[in-house]
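Residue numbers (my numbering): 17 to 566. Don't be surprised by glycine CBs; every beta carbon is placed ideally from N, CA and C. In this text, all values refer to a predicted model and were calculated from it rather than measured experimentally. Shown next, in structure tokens, is the structure this report addresses.
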């Protein structure tokens, strides 16, 4: 017998995120949707008498309730709600719950900042119209996955946003970032409405303090980047930059589809188990990002958005990504599916924007969504795409394809982390390291055609051509590729050059492996792309090595 399911989609999240210019505003723009979803679920359960075990997105268990209680500001409720319901309950009853929760949220928001002179009803109408909440019902065959059955319809509804009448004031923007006075033009004062909103929730629900507050100060980009030098590694150029990261799980559809192969009603139990893991991963990610010194914007299921320093506590944003990937595997490593006769698992993809602290946050958000999209377009996915833009305007880009493979970081990413450990810090292994790093990068640019020819040489000795080019260009370091000498005898400069060459070769071989039609043109392009990426690596090492420009 078929069962009736109801699906709800809530938005517009991305559009609302684009309204903001501060990290706390970005968090608030996301959190109001999570807060609304949480209250809507509560309203549906109360008014329609839907039991907890009928909810599959999000699942409602004792473990999940504990996570929500201990991690209240993570934005754990994402933009979809799916639950089973009785055939006798009409969709109009759900619509009534949606309307009631819209009214309640509008009232909560407006009472925070509106004065007596404001048109309360007009403001309420604006916010109620702004929230795009759509609902569908569908009969789902026993043994089928309700998430897959309802998602295409919800996707279509999400695209068809209703018209919002133009108003002189955007009341939601006024809530997120107030700029009514000269004092509120300062970033640290723009988010007082959100602060009051969270303090009200803290008091009524007895929650821990909002993670964007330190005493009474609201955390800003300057604080996260460490511009004032109070937390982040002092006297380094990195303290003027921040990283915005958007991470997402790969192959979710394949995992959900595989659950339909399970007999009987076990498919629902599998879905609930997976949903519970999503909450667990979100909690772990929230904690890891916070410990590193970053601030989570939202952590909904396998989907993360956070802002963080590029370096803190002796670690870098790239080490944090590796840590988050470890947590991802811990939570989702037990889920797999078959594709073309092979077992596949979920992967971890991310987009990263490294920006100067004065870089517009909206532009960084657009950029990080684009970087994640680039990662998702790689056939194997499981990729980290990085865009790095210096204050000078110089831009770099790099992709770590198959970032995590066979239970460990892939060789390229591991080699990159090793280089960061050895040479991406002040007072590191190299004397006058910034000048030396620059000289290596300069020679890669000046002799690019020579390196291209060496990389494209055929035969088993191909690797030796590249080695010989480096030996000739850096003859002042005679220990390079001398197998008779120990690492200590070669010297740090020679060891560094060897690591750069090894990494360049790995990047090139990886790019070649992804080419189906290997022609001279495609191989040359792969070599050129590899040289550009190794220049980005050197640029990142210089960046982490530089002293602050004052």
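Between residue i and residue j, is the Cβ-Cβ spacing less than 8 angstroms?
{"i": "residue 439", "j": "residue 520", "result": "no"}
{"i": "residue 460", "j": "residue 467", "result": "yes"}
{"i": "residue 258", "j": "residue 240", "result": "yes"}
{"i": "residue 237", "j": "residue 377", "result": "yes"}
{"i": "residue 485", "j": "residue 362", "result": "no"}
{"i": "residue 366", "j": "residue 338", "result": "no"}
{"i": "residue 136", "j": "residue 121", "result": "no"}
{"i": "residue 383", "j": "residue 318", "result": "no"}
{"i": "residue 113", "j": "residue 56", "result": "yes"}
{"i": "residue 166", "j": "residue 375", "result": "no"}
{"i": "residue 9", "j": "residue 149", "result": "A question about residue 9 goes unanswered here, because the residues of the chain that appear run from 17 up to 566."}
{"i": "residue 552", "j": "residue 436", "result": "no"}
{"i": "residue 255", "j": "residue 353", "result": "no"}
{"i": "residue 296", "j": "residue 428", "result": "no"}
Residue i and residue j look like a contact to me (Cβ under 8 angstroms); what is the Cβ gap, rounded to whole Å?
{"i": "residue 324", "j": "residue 314", "result": "The Cβ separation is near 14 angstroms, so there is no contact."}
{"i": "residue 2", "j": "residue 360", "result": "Residue 2 lies beyond the residue range present for the chain, which begins at 17 and ends at 566; the question has no answer from this structure."}
{"i": "residue 335", "j": "residue 369", "result": "Not a contact, Cβ separation roughly 18 angstroms."}
{"i": "residue 298", "j": "residue 53", "result": "That pair is no contact at about 14 angstroms."}
{"i": "residue 168", "j": "residue 98", "result": "Contact flag wrong, Cβ pair sits at about 13 angstroms."}
{"i": "residue 93", "j": "residue 289", "result": "Going by Cβ atoms, the distance from residue 93 to residue 289 rounds to 19 angstroms, so no, they are not a contact pair."}
{"i": "residue 75", "j": "residue 110", "result": "Contact flag wrong, Cβ pair sits at about 19 angstroms."}
{"i": "residue 64", "j": "residue 26", "result": "Incorrect: roughly 18 angstroms between the Cβ atoms, too far for contact."}
{"i": "residue 243", "j": "residue 373", "result": "6 angstroms"}
{"i": "residue 343", "j": "residue 301", "result": "6 angstroms"}
{"i": "residue 341", "j": "residue 420", "result": "5 angstroms"}
{"i": "residue 159", "j": "residue 283", "result": "6 angstroms"}
{"i": "residue 518", "j": "residue 431", "result": "7 angstroms"}
Let me know if residue i comes out buried or exposed under the rule of 16 or more other beta-carbons within 10 Å of its beta-carbon.
{"i": "residue 101", "result": "buried"}
{"i": "residue 275", "result": "buried"}
{"i": "residue 227", "result": "buried"}
{"i": "residue 560", "result": "buried"}
{"i": "residue 224", "result": "exposed"}
{"i": "residue 346", "result": "exposed"}
{"i": "residue 514", "result": "buried"}
{"i": "residue 555", "result": "buried"}
{"i": "residue 397", "result": "buried"}
{"i": "residue 138", "result": "exposed"}
{"i": "residue 172", "result": "exposed"}
{"i": "residue 399", "result": "buried"}
{"i": "residue 197", "result": "With a pLDDT of 49 at residue 197, under the threshold of 50, the predicted position of this residue should be treated as unreliable, though the coordinate-derived value follows. Burial call: exposed."}
{"i": "residue 457", "result": "buried"}
{"i": "residue 140", "result": "buried"}
{"i": "residue 320", "result": "buried"}
{"i": "residue 547", "result": "buried"}
{"i": "residue 286", "result": "buried"}
{"i": "residue 535", "result": "exposed"}
What does a CB cutoff of less than 6 angstroms around residue i pick up in its chain, not counting 5 residues either side in sequence?
{"i": "residue 118", "result": "144, 147"}
{"i": "residue 549", "result": "414, 523"}
{"i": "residue 107", "result": "153"}
{"i": "residue 506", "result": "495"}
{"i": "residue 493", "result": "509, 510"}
{"i": "residue 128", "result": "209, 212, 213"}
{"i": "residue 231", "result": "none"}
{"i": "residue 483", "result": "497"}
{"i": "residue 394", "result": "417"}
{"i": "residue 412", "result": "404, 552, 555"}
By Cβ distance below 7 angstroms, which residues in the same chain neighbour residue i in space, the five residues on each side in sequence not counted?
{"i": "residue 476", "result": "Low local confidence applies: a pLDDT of 43 at residue 476 is under 50, so the model's placement there is unreliable, with the coordinate-based value given in what follows. Excluding positions up to five away in sequence, the list is empty."}
{"i": "residue 33", "result": "42, 45, 46, 381"}
{"i": "residue 40", "result": "207, 210, 228, 234, 235"}
{"i": "residue 322", "result": "261, 305, 310, 311, 312, 313"}
{"i": "residue 73", "result": "96, 97, 98, 163, 291"}
{"i": "residue 293", "result": "347, 348"}
{"i": "residue 544", "result": "468"}
{"i": "residue 156", "result": "18, 19, 21, 162, 165"}
{"i": "residue 116", "result": "59"}
{"i": "residue 490", "result": "496, 513"}
{"i": "residue 29", "result": "46, 49, 95"}
Residue i CB to nearest chain D CB: under 8 angstroms?
{"i": "residue 301", "result": "No chain D appears in the structure shown, which is made up of a single protein chain."}
Once the 5 residues before and after residue i are set aside, which same chain residues still bring their CB inside 8 angstroms of it?
{"i": "residue 539", "result": "472, 528, 531"}
{"i": "residue 388", "result": "262, 263, 264, 365, 366, 367, 401"}
{"i": "residue 221", "result": "88"}
{"i": "residue 35", "result": "41, 45, 186, 188, 189, 192, 193"}
{"i": "residue 487", "result": "496, 497"}
{"i": "residue 77", "result": "68, 288, 292"}
What residue ranges within the region 234-299 form continuous beta strand (DSSP E) runs of no fewer than 3 residues, ordered along the chain? 257-266
What are the start and end residues of each continuous beta strand (DSSP E) run of 3 or more residues lying completely inside the region 452-499, in chain order? none
Report the start-end ranges of each beta strand (DSSP E) in the region 92-136 that is 3 residues or longer and not cut off at the edges. If we require 3 residues or more, the beta strand (DSSP E) runs fully inside the region 92-136 come out as 96-101.
Can you check the region 290-350 for any beta strand (DSSP E) of at least 3 residues that lies completely inside it and give the ranges in chain order? Counting whole runs of 3 or more residues, the region 290-350 contains the beta strand (DSSP E) stretches 311-316, 319-325.
What alpha helix (DSSP H) runs, 4 residues minimum, are completely inside the region 45-99? 78-86
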